[in-house]
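Chains as they are written, first to last, in full-length UniProt numbering: chain A, 1 to 92; chain B, 1 to 92.
Virtual Cβ for every residue (Gly too), placed ideally from N, Cα, C.
Worksheet: one structure, shown below.
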DNA sequence: GTGGGCACTATCCTGGCGGTAAGCGATCTC
DNA sequence: GAGATCGCTTACCGCCAGGATAGTGCCCAC
């Protein structure tokens with residue numbers, strides 16, 4: 001449970017589930033999240049082995065985040081929860 | 001997500017998944033939880049329609065909590081998460 | 001040369017979650 | 001009558017997750 005605790009962690013996981021993302025793109029995909037929170041959550045997810053951080057040493061700083069195997073599995077395990085939410089909270 | 005946020009809520013749901021329970025029994029099933037937290041979480045779960053509270057007017061106070069339909073569905077939706085946890089955190 | 005985008009980091013601040021402890025009102029036990 | 005059981009409620013406190021804001025170093029566009 002600790003792995004997904006944090007206000008935005010599940011959202012990050014879901015956003016990343018659609019494909020690898022850069023920091024700024026993630027931020028834009030998650031309206032309302034602050035950079036600090038995104039950065040710290042990303043770091044925790046990385047520490048827990050759910051995402052990988054790939055840094056590209058180019059003139060323009062570029063970092064890509066993507067789900068690891070366990071991260072993808074976690075996302076799948078989270079899917080029923082999303083379905084449940086849609087069914088019982090949104091869909092009546 | 002708000003429905004399962006709270007340090008002990010998932011544990012309560014799982015405990016209740018094994019059958020209806022009285023307050024004191026729940027407390028004993030969840031070592032470390034305080035009465036205040038159990039009571040407030042139970043109240044939130046009730047408000048969110050996940051559990052029912054049945055009060056029996058006997059000489060000895062008796063209250064039973066049980067999962068509602070959505071509560072049971074939530075529990076099921078939480079199962080994959082439990083499996084994932086066992087697989088990736090405990091089972092290597 | 002001024003401004004903006006990039007990916008952060010640092011600092012400060014606040015709310016509220018959760019822990020501790022105590023009380024209550026009836027009854028049953030020793 | 002002291003203590004325990006039962007299901008809470010109330011009051012208080014501490015901590016820290018998370019929000020707001022600003023700064024950094026490099027490069028590009030205007």
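Exposure label - residue i; buried when at least 16 CB within 10 Å
i, result
"residue 91/B", "exposed"
Residue i at chain A interface by Cβ criterion, 7 Å
i, result
"residue 74/B", "yes"
"residue 61/B", "no"
"residue 31/B", "no"
"residue 81/B", "yes"
"residue 20/B", "no"
"residue 77/B", "yes"
Proximity of residue i and residue j at Cβ, strictly below 7 Å
i, j, result
"residue 62/B", "residue 41/B", "no"
"residue 64/A", "residue 20/A", "yes"
"residue 77/B", "residue 78/A", "no"
"residue 84/B", "residue 74/A", "yes"
DSSP-derived helix/strand/coil call for residue i
i, result
"residue 60/B", "coil"
"residue 81/A", "helix"
"residue 67/A", "strand"
"residue 35/B", "helix"
"residue 18/B", "coil"
"residue 46/B", "helix"
Residue from the options with nearest C-alpha to residue i
i, options, result
"residue 68/A", "77/A, 60/A, 82/A, 52/A", "52/A"
"residue 43/A", "88/A, 3/A, 86/A", "3/A"
"residue 5/B", "59/B, 17/B, 37/B", "37/B"
"residue 66/A", "74/A, 60/A, 50/A", "50/A"
"residue 48/B", "30/B, 23/B, 71/B", "71/B"
"residue 60/B", "32/B, 23/B, 30/B, 27/B", "23/B"
"residue 31/B", "1/B, 57/B, 12/B", "12/B"
"residue 1/A", "26/A, 45/A, 34/A, 25/A", "45/A"
"residue 7/A", "89/A, 34/A, 57/A", "34/A"
Residue i at chain B interface by Cβ criterion, 7 Å
i, result
"residue 84/A", "yes"
"residue 45/A", "no"
"residue 15/A", "no"
"residue 88/A", "yes"
"residue 57/A", "no"
Distance cut-off 6 Å: residue i Cβ against heavy atoms of the ligand SAH
i, result
"residue 5/B", "In the structure shown, the ligand SAH is absent, as is every other ligand, since no ligand is present at all."
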